[in-house]
Structure formats: C-alpha cells, structure tokens
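**Student:** Just so we're aligned, residue 52 is where the sequence shown starts under my numbering, counting upward by one.
The C-beta atom is built at its ideal place from N, Cα and C for all residues, glycine as well.
It should be emphasised that the depicted structure is a prediction, and the values quoted were computed from it without experimental measurement.
Okay, here's the structure, questions in a sec.
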Amino acid sequence: MLKMQAETTASRRAFLKGAAVSSAAFVLGAFVPFGRFALAEGEAAAPPKPAIDPNFFLRIDSDDTVTVLLKHLEMGQGVSTGLPTLVAEELDADWSKVRFDHGPNNPKVFNNLFFGSYIGTGGSTSMANSWTQMRQVGAAARAMFVSAAAKQWNVPAAEITVENSVLKHPSGKSARFGELVEAAMKEPVPEAITLKDPKDWKYIGQKLPRLDTPGKTTGKAIFALDYRRPNMLVAMVARPPRFGGAVAKVDDAAARKIAGVVDVVQIPSGVAVLAKDTWAAMRGREALVIDWQLDKSEGRSSDEML
C-alpha cells in the first residue's frame with residue numbers, strides 16, 4: 052500500500068492522541084484485566100475475527116521498502132522486530148528492506164486478539180496473539196504479488212517463485228516488489244491462505260538485528276517524551292522522603308531565580324517546579340528548601356514491613 056508521508060504522520064498523531072500508557076501495559080480506551088485475558092462486560096466470548104488484509108498492515112514503496120504497521124507498542128520487548136519477522140517470513144521479503152511503524156487508532160483492525168475489541172500491549176501477549184495473524188498477512192500479500200505477476204506475464208501462478216522481494220518465472224521474467232506493488236495491492240485478499248512449513252523458515256527462529264536499535268542508538272527515534280506542544284512546560288516534583296509525608300513549609304525563592312523556571316506550585320504529592328525545559332526544572336527542584344511534616348508518615352523499616 053502506497054501512502055504519503057502526511058497521511059502516515061496524521062495516523063500517528065491520531066494514535067498518540069487517544070493513548071493511555073503505563074509501564075506494564077498499553078490499552079487504548081479501556082482497562083482490560085490480564086487474568087485469563089478477560090473480555091469486557093457484555094463482549095462476546097469469541098474474539099473478533101483477525102484482520103489479514105495486507106493493505107492495513109503493510110506499506111511497500113517503489114524502492115522495495117517493506118514497512119510493517121505494528122498493532123503493539125515497542126516497550127523494550129522486541130516486538131518491533133518480532134512482528135515484522137513474522138510478516139517478512141511468509142512474504143519472502145528482503146530483510147534488509149524491512150522497516151516498522153505504528154498502526155493508527157483503529158481497534159477493528161489493530162486490536163489485541165486476546166483482549167477482544169481493544170488495542171493493547173501487555174501481559175506477554177504481543178507475539179502470542181499475533182503469531183498466526185501476522186504470518187497470514189505476509190502470506191496473503193505474497194499470494195497477491197504472485198497473482199499480479201501471473202496476470203502481467205500471462206503465466207501460471209504456480210510457476211512463479213519469490214525470494215528476497217523478487218518474483219521470478221522460469222521464462223526469465225522477473226520483477227521486484229516495488230515494481231508490482233500497485234497492481235498487487237489491488238488483487239483480492241485470498242480466502243485460503245497456506246503458511247510455510249517450519250522446515251522452510253528463513254527468518255523465524257533466527258537471531259536477526261533489531262529494527263529499533265539504529266534509531267535509538269543515533270537519537271533519531273521519536274519517543275512520547277520528545278513531543279513538544281506550543282507553550283508547553285516541564286514539571287519536576289519534589290516529593291516527601293517517606294510515604295504519607297506532607298509539606299510543612301517551602302522556600303522557593305532560590306528556585307524562582309533560576310533561568311527558565313516559570314512557577315513553583317504546591318500540590319498534594321509535594322512541590323512542583325514548572326520550567327521551560329527539563330534542565331531548568333531539575334535545577335529548580337534541587338534549589339527548593341522544604342520542611343516536611345513526617346509525623347503521620349510511614350515510619351516502619353523494611354524488615355518490619357516484611
């Protein structure tokens with residue numbers, strides 16, 4: 052599927068706009084308990100039928116670049132390499148041309164099959180619920196490319212082979228994915244999809260270079276923390292040294308003198324320093340002089356708690 056960059060950016064914006072993130076899981080628009088992958092109240096017991104239309108999950112460009120749109124977030128677990136591996140295996144794509152991006156906010160397509168109708172990452176479910184679906188996406192796309200080539204070359208589809216993003220026929224005809232992508236993605240998605248026998252796997256089970264490593268190493272990767280909104284401030288909070296503590300008195304004079312600090316605000320959990328950038332907020336927090344009221348705070352030792 053060929054998409055313009057503006058459309059991709061808009062999809063990413065829409066995806067981030069509705070997102071709620073925690074350190075252990077990401078679920079879009081709802082809380083889903085992980086116990087036995089419980090479904091929401093009133094939801095059918097059977098999970099939604101998985102979408103396998105490659106037009107939803109793949110973006111293939113004229114330079115043969117294959118971009119897999121992820122339905123799960125990369126949270127350090129390697130899913131941004133794992134899911135493309137499943138697709139590339141069945142697609143017979145050139146691994147050096149495989150990339151990833153995140154899918155838009157469309158739970159009907161990008162839902163976690165174990166969670167039902169929700170987009171969600173967590174509970175070690177990403178690969179498990181995607182294992183068959185993503186392989187089917189790759190196999191379906193491969194069949195669509197073969198069908199398109201067979202029509203253009205007027206040859207039986209069974210005589211066409213695919214390897215490293217190149218389709219070949221014994222007659223000498225050949226074409227790259229990029230040359231056939233427009234025709235291939237107009238082909239109907241096959242109803243019967245045959246997956247590879249494990250003995251024929253080329254990528255699955257092999258140690259492949261992680262696709263997210265270069266961006267994280269060079270600093271080109273964009274994280275949620277990298278996004279900036281007009282007039283946005285950064286907050287750093289000074290919290291009591293013990294749970295249950297409260298602010299008795301705060302002297303913020305020194306903090307307010309630091310360049311970049313905009314305001315100092317007392318909040319229920321402590322004292323927040325608002326600044327134009329992270330460094331100013333950190334320095335402002337360090338400059339606070341706070342007397343903590345700890346008479347009602349937690350005073351037990353770790354041994355006592357245990």
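Where Asp115 and Gly167 are concerned, what is the direct C-alpha to C-alpha distance, given to the nearest angstrom?
**Tutor:** Those two C-alpha atoms are separated by around 34 Å.
**Student:** Mind the definition here: the segment 269 to 280 touches the segment 307 to 327 only if three or more C-beta pairs lie below 8 Å; say whether that holds.
**Tutor:** No, they do not touch.
**Student:** Going by Cα to Cα distance, which pick from Lys267, Ser352, Ala306 is closest to Val288?
**Tutor:** The candidate whose alpha carbon is nearest that of Val288 is Ala306.
**Student:** By DSSP, does Ser320 sit in helix, in strand, or in coil?
**Tutor:** Reduced to three states, the DSSP call for Ser320 is coil.
**Student:** Using 10 angstroms around the beta-carbon of Gly173, count the other beta-carbons present and answer buried if the total reaches 16, otherwise exposed.
**Tutor:** Buried is the call here.
**Student:** Helix, strand or coil for Phe228, going by three-state DSSP, please let me know.
**Tutor:** Phe228: helix per DSSP, three-state reduction.
**Student:** Look at Val313 and Lys300 and say whether their C-beta atoms are less than 8 Å apart.
**Tutor:** It is not a contact, given that the beta carbons lie outside the stated cut-off.
**Student:** Secondary structure at Leu246, three-state DSSP: helix, strand or coil?
**Tutor:** The answer is coil: DSSP assigns Leu246 none of H, G, I, E or B.
**Student:** Measuring alpha carbon to alpha carbon, tell me which of Lys308, Arg336, Gly335, Asp346 ends up nearest Gly7.
**Tutor:** This structure cannot settle anything about residue 7, because the visible part of the chain is limited to 52 through 357.
**Student:** Which residues does DSSP pair with Thr118 in a beta bridge?
**Tutor:** Its beta-bridge partners are Arg110, Arg150.
**Student:** What are the complete beta strand (DSSP E) segments, minimum 3 residues, inside the segment 168 to 225?
**Tutor:** Those beta strand (DSSP E) runs which fall completely within the segment 168 to 225 and span 3+ residues are 171 to 173, 212 to 214, 217 to 219.
**Student:** Under three-state DSSP, which class holds Ala299?
**Tutor:** It is a strand residue.
**Student:** Is the Cβ-Cβ distance between Ile103 and Val213 less than 8 Å?
**Tutor:** Their beta carbons are not under 8 Å apart, which means Ile103 does not touch Val213 by this criterion.
**Student:** Are the segment 203 to 218 and the segment 141 to 160 in contact at 8 Å, needing three or more beta carbon pairs?
**Tutor:** The segment 203 to 218 vs the segment 141 to 160: in contact.
**Student:** Let me know the secondary structure DSSP gives Met287 once reduced to three states.
**Tutor:** If DSSP states are grouped into helix, strand and coil, Met287 belongs with the strands.
**Student:** Please look up how many angstroms separate the CB atoms of Glu360 and Arg293, rounded, as I've assumed it's under 8 Å.
**Tutor:** Nothing can be reported for residue 360, as the shown portion of the chain is limited to 52 through 357.
**Student:** Span of the alpha helix (DSSP H) holding Trp330?
**Tutor:** Unbroken alpha helix (DSSP H) run through Trp330: 329 to 338.
**Student:** Leaving out five residues before and five after Asp302 in sequence, what residues of the same chain have Cβ atoms less than 6 Å from its Cβ?
**Tutor:** The residues are Val340.
**Student:** Name the DSSP beta bridge partners of Gln344, please?
**Tutor:** Gln344 is bridged to Ala297.
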